[in-house]
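Per this note's numbering, the sequence shown starts with residue 5, numbered consecutively. For every residue, glycine included, the Cβ atom is placed at its ideal position computed from N, Cα and C. Here the structure comes first, spelled out in structure tokens, and everything after it is commentary.
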Amino acid sequence: MARVSHRISIPTQDGLELSGILEVPEGERLGTILFSHCFTCSKDLKAIVRISRELANQGWIVLRYDFRGLGGSQGEFAQSNFSTNCQDLHSAADYLAREYDGADFLMGHSFGGAASLAMAQRIESVMGVIALAAPSDTHHLAALLESMDPDIQQKGHGHVTIGGFTYPVRRQMLEDFRSIDLPSIVSELRKPMLALHSPGDETVAYEHALRNCDFANARSRPEGPRSLITLPNCNHLLTDERHCRWVASHVSSWCQAFD
5 MARVSHRISI
15 PTQDGLELSG
25 ILEVPEGERL
35 GTILFSHCFT
45 CSKDLKAIVR
55 ISRELANQGW
65 IVLRYDFRGL
75 GGSQGEFAQS
85 NFSTNCQDLH
95 SAADYLAREY
105 DGADFLMGHS
115 FGGAASLAMA
125 QRIESVMGVI
135 ALAAPSDTHH
145 LAALLESMDP
155 DIQQKGHGHV
165 TIGGFTYPVR
175 RQMLEDFRSI
185 DLPSIVSELR
195 KPMLALHSPG
205 DETVAYEHAL
215 RNCDFANARS
225 RPEGPRSLIT
235 LPNCNHLLTD
245 ERHCRWVASH
255 VSSWCQAFD
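Shown next as structure tokens:
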């Protein structure tokens, strides 16, 4: 199916403008998916672009956007945190509510998947959430950043290098990460959730997907239905284009079961 890409600007409640791209199919539309990217990435990460376009080819309107301080969005990265990520996601959902009757599904890669899991229950239009290589907590990232530069905690500010790029990080980011109880939020999620994860993920271990789905605890039953699709031989950033097509196909099929 043919699709058209539109560059858009998304206003936030605190006066920033987020950069977004809408992938819109020209034929019959199946629904809308709001796609959030990973920590220090952007909407232009190859995997995000490929998956979004393939979903649009299959009939889904997909909005991918940059969190504040990243990509084309306004704001300072050092001032951002998990809470602002969630606020930005909500702003993007508000845009879809104005233009397309709301986001039907939230989808996020890695840390964007964590934000999607945290926000799914709070956005009324959302029918389900897709967590792609997503962590099951935010505390581990705070510990990782502190280990990369102890000055962040000790002096209140520092720098970390990720993927060849250096980012300023302030203590407030670590404090926010450590204040979030994502496992409790996910355990109370009543909407359907699909996790896609590779056993060979070198950045976020496969066990995070098991915890998000609550498969690691045989005695408990999560509030909402959970599904897990294992992605063999994939890396964390899904650099193989074939894997992006697999993900899009799985996601489209799963979403149509609830649409």
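Along the segment 104-155, the beta strand (DSSP E) occurs as fully enclosed runs of 3 or more residues at 109-113 and 132-136, listed in sequence order.
In this chain, residue 23 is not harboured by any alpha helix (DSSP H); it is covered by the beta strand (DSSP E) spanning 21-29. The DSSP-derived three-state label of residue 187 is helix.
Contact annotation: the segment 98-117 touches the segment 130-140, with at least three C-beta pairs closer than 8 Å.
Excluding five sequence positions before and after residue 231, the CB atoms of its chain that fall closer than 6 Å to its own CB belong to 198, given in chain order.
Counting every other CB atom within 10 Å of its CB across the protein chains shown gives residue 237 a total below 16, marking it as exposed. Excluding sequence positions up to five before and after residue 184, its CB lies within less than 7 Å of the CB of 86 and 142, all in the same chain and listed in chain order.
Counting only residues of its own chain and dropping the five nearest sequence neighbours on each side, residue 255 has a CB closer than 6 Å to the CB of 134. With respect to the C-alpha of residue 15, the residue from 219, 92, 187 and 245 having the closest C-alpha is 92. Within its own chain, the residues whose Cβ lies closer than 8 Å to the Cβ of residue 124, once the five positions on either side in sequence are excluded, are 110, 130, 132, 133, 193, 195 and 197, listed in chain order. Counting only residues of its own chain and dropping the five nearest sequence neighbours on each side, residue 166 has a CB closer than 7 Å to the CB of 44. CA-to-CA, the gap between residue 216 and residue 84 works out to about 24 Å. Per DSSP, reduced to three states, the secondary structure at residue 11 is strand. Following the DSSP letters along the chain, one finds residue 57 inside the alpha helix (DSSP H) bounded by residues 50-61.
Within its own chain, the residues whose Cβ lies closer than 8 Å to the Cβ of residue 24, once the five positions on either side in sequence are excluded, are 11, 12, 13, 14, 47, 67, 68, 69, 70, 96 and 99, listed in chain order.
Just so you know, the alpha carbons of residue 37 and residue 63 end up roughly 11 Å apart. Here residue 177 has 85 as same chain residues with Cβ atoms under 6 Å from its own Cβ, once five neighbours each way along the sequence are excluded. The beta carbons of residue 52 and residue 94 sit no closer together than 8 Å.
Close CB contacts of residue 203 within its chain, under the 6 Å cut and outside five residues either way in sequence, are with 210 (chain order). Judged by their CB atoms, residue 174 and residue 161 are nearer to each other than the 8 Å cut-off. At the C-beta level, residue 20 and residue 72 come within 8 Å of one another.
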